[in-house]
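J.: Please see the structure below; I have some questions.
In this note's numbering, the protein residues as written are 734 to 890.
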(Lines of atoms letter the chains of each structure in order from A; the text may use other names.)
(Lines give C-alpha, C1' and ligand atoms only; values in the text may rest on other atoms or scores of the structure.)
Protein backbone atom coordinates (compact mmCIF):
# COMPACT_ATOMS: atom_id res chain seq x y z
CA UNK A 734 0.00 0.00 0.00
CA UNK A 735 1.31 3.41 -0.93
CA UNK A 736 1.29 6.30 1.56
CA UNK A 737 -1.22 8.11 -0.64
CA UNK A 738 -3.60 5.14 -0.51
CA UNK A 739 -3.32 5.02 3.26
CA UNK A 740 -4.03 8.76 3.49
CA UNK A 741 -7.04 8.42 1.18
CA UNK A 742 -8.38 5.61 3.35
CA UNK A 743 -7.96 7.69 6.50
CA UNK A 744 -9.70 10.63 4.82
CA UNK A 745 -12.60 8.36 3.85
CA UNK A 746 -12.89 7.09 7.43
CA UNK A 747 -12.98 10.65 8.80
CA UNK A 748 -15.55 11.70 6.21
CA UNK A 749 -17.79 8.74 7.07
CA UNK A 750 -17.42 9.44 10.80
CA UNK A 751 -18.49 13.04 10.18
CA UNK A 752 -21.48 11.82 8.18
CA UNK A 753 -22.41 9.45 11.03
CA UNK A 754 -22.24 12.30 13.56
CA UNK A 755 -24.39 14.53 11.35
CA UNK A 756 -26.94 11.72 11.00
CA UNK A 757 -27.04 11.20 14.78
CA UNK A 758 -27.63 14.92 15.32
CA UNK A 759 -30.28 14.99 12.61
CA UNK A 760 -32.29 12.16 14.13
CA UNK A 761 -32.17 13.39 17.74
CA UNK A 762 -35.21 15.01 19.38
CA UNK A 763 -37.73 14.07 16.70
CA UNK A 764 -40.61 16.57 16.86
CA UNK A 765 -43.32 13.90 16.97
CA UNK A 766 -41.70 12.18 19.96
CA UNK A 767 -41.26 15.25 22.18
CA UNK A 768 -44.98 15.80 23.00
CA UNK A 769 -45.43 12.09 23.78
CA UNK A 770 -42.40 12.13 26.06
CA UNK A 771 -43.72 15.28 27.76
CA UNK A 772 -47.11 13.63 28.26
CA UNK A 773 -45.43 10.63 29.86
CA UNK A 774 -43.33 12.91 32.04
CA UNK A 775 -46.45 14.81 33.14
CA UNK A 776 -48.39 11.65 33.96
CA UNK A 777 -45.49 10.07 35.83
CA UNK A 778 -44.76 13.15 37.91
CA UNK A 779 -48.41 14.06 38.56
CA UNK A 780 -49.05 10.58 39.94
CA UNK A 781 -47.10 11.42 43.09
CA UNK A 782 -50.10 13.15 44.69
CA UNK A 783 -52.75 10.59 43.75
CA UNK A 784 -54.09 7.86 46.01
CA UNK A 785 -53.40 4.19 45.35
CA UNK A 786 -54.26 2.36 43.02
CA UNK A 787 -54.33 5.45 40.76
CA UNK A 788 -50.83 6.42 41.83
CA UNK A 789 -49.29 3.13 40.76
CA UNK A 790 -51.21 2.91 37.48
CA UNK A 791 -50.45 6.49 36.49
CA UNK A 792 -46.81 6.22 37.52
CA UNK A 793 -46.32 3.07 35.44
CA UNK A 794 -48.18 4.53 32.47
CA UNK A 795 -46.39 7.89 32.59
CA UNK A 796 -42.82 6.79 33.03
CA UNK A 797 -43.45 3.77 30.80
CA UNK A 798 -44.53 6.14 28.03
CA UNK A 799 -41.56 8.43 28.70
CA UNK A 800 -39.04 5.58 28.55
CA UNK A 801 -40.93 3.80 25.76
CA UNK A 802 -40.71 6.84 23.49
CA UNK A 803 -36.94 6.86 23.98
CA UNK A 804 -36.63 3.14 23.30
CA UNK A 805 -38.77 3.30 20.15
CA UNK A 806 -36.77 6.30 18.96
CA UNK A 807 -33.47 4.48 19.45
CA UNK A 808 -34.68 1.38 17.61
CA UNK A 809 -35.87 3.42 14.64
CA UNK A 810 -32.64 5.35 14.19
CA UNK A 811 -30.70 4.72 11.02
CA UNK A 812 -27.28 5.18 12.59
CA UNK A 813 -26.14 3.97 15.99
CA UNK A 814 -22.82 4.29 17.73
CA UNK A 815 -21.47 4.09 21.24
CA UNK A 816 -21.99 7.44 23.01
CA UNK A 817 -18.99 9.32 24.35
CA UNK A 818 -18.61 10.22 28.02
CA UNK A 819 -19.81 13.76 27.41
CA UNK A 820 -22.89 12.46 25.57
CA UNK A 821 -23.69 10.17 28.52
CA UNK A 822 -23.38 13.15 30.84
CA UNK A 823 -25.76 15.11 28.62
CA UNK A 824 -28.38 12.32 28.66
CA UNK A 825 -28.09 11.82 32.43
CA UNK A 826 -28.50 15.56 32.94
CA UNK A 827 -31.48 15.67 30.62
CA UNK A 828 -33.06 12.83 32.62
CA UNK A 829 -32.25 14.17 36.08
CA UNK A 830 -32.98 17.81 35.26
CA UNK A 831 -36.77 17.45 35.07
CA UNK A 832 -36.83 15.67 38.44
CA UNK A 833 -34.97 18.56 40.05
CA UNK A 834 -37.18 21.06 38.25
CA UNK A 835 -40.27 19.20 39.46
CA UNK A 836 -39.10 19.62 43.06
CA UNK A 837 -38.54 23.34 42.56
CA UNK A 838 -41.96 23.82 40.94
CA UNK A 839 -43.63 21.79 43.67
CA UNK A 840 -42.09 23.92 46.41
CA UNK A 841 -43.14 27.05 44.52
CA UNK A 842 -46.73 25.73 44.23
CA UNK A 843 -46.77 25.11 47.97
CA UNK A 844 -45.16 28.41 48.99
CA UNK A 845 -46.83 30.84 46.60
CA UNK A 846 -50.15 29.25 45.69
CA UNK A 847 -50.86 27.25 48.86
CA UNK A 848 -52.16 24.30 46.84
CA UNK A 849 -53.04 21.10 48.70
CA UNK A 850 -50.53 18.27 48.75
CA UNK A 851 -53.04 15.59 47.64
CA UNK A 852 -55.73 15.36 44.99
CA UNK A 853 -56.18 16.10 41.32
CA UNK A 854 -55.42 19.84 41.47
CA UNK A 855 -52.46 19.77 43.80
CA UNK A 856 -48.86 20.86 44.10
CA UNK A 857 -47.68 17.81 42.19
CA UNK A 858 -50.11 18.29 39.30
CA UNK A 859 -49.15 21.92 38.81
CA UNK A 860 -45.44 21.11 39.16
CA UNK A 861 -45.76 18.22 36.70
CA UNK A 862 -47.51 20.45 34.15
CA UNK A 863 -44.86 23.14 34.53
CA UNK A 864 -42.08 20.55 34.22
CA UNK A 865 -43.59 19.01 31.08
CA UNK A 866 -44.08 22.46 29.53
CA UNK A 867 -40.48 23.36 30.34
CA UNK A 868 -39.31 20.05 28.84
CA UNK A 869 -41.03 20.94 25.56
CA UNK A 870 -39.84 24.56 25.69
CA UNK A 871 -36.16 23.70 26.15
CA UNK A 872 -36.13 21.06 23.40
CA UNK A 873 -34.57 23.43 20.81
CA UNK A 874 -31.83 24.33 23.31
CA UNK A 875 -31.29 20.66 24.10
CA UNK A 876 -31.09 19.86 20.40
CA UNK A 877 -28.45 22.57 19.82
CA UNK A 878 -26.45 21.49 22.87
CA UNK A 879 -26.49 17.85 21.77
CA UNK A 880 -25.42 18.85 18.26
CA UNK A 881 -22.54 20.86 19.69
CA UNK A 882 -21.39 17.91 21.81
CA UNK A 883 -21.59 15.37 18.98
CA UNK A 884 -20.07 17.55 16.28
CA UNK A 885 -17.31 18.71 18.60
CA UNK A 886 -15.38 15.51 17.88
CA UNK A 887 -15.29 16.17 14.14
CA UNK A 888 -13.75 19.61 14.65
CA UNK A 889 -10.92 18.15 16.72
CA UNK A 890 -9.71 15.88 13.92
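Where is the CB? At the ideal position from N, CA and C, for every residue including glycine.
Report the rounded CA-to-CA distance for residue 802 versus residue 843, giving the unit in angstroms.
T.: So the alpha carbons of these two residues sit roughly 31 Å apart.
J.: Report yes if the C-beta distance between residue 857 and residue 770 is below 8 Å; otherwise report no.
T.: No, the Cβ-Cβ distance between residue 857 and residue 770 is not below 8 Å.
J.: Shortest alpha-carbon distance to residue 838 belongs to which of 736, 761, 775 and 765?
T.: The candidate whose alpha carbon is nearest that of residue 838 is 775.
J.: How do the region 812–821 and the region 782–800 stand: do at least 3 beta-carbon pairs fall below 8 Å, yes or no?
T.: Cβ pair count under 8 Å is below three, so no.
J.: Write down the C-beta distance between residue 834 and residue 864 rounded to the nearest angstrom, noting that I regard them as a contact closer than 8 Å.
T.: Residue 834 to residue 864, Cβ: 5 Å. Contact.
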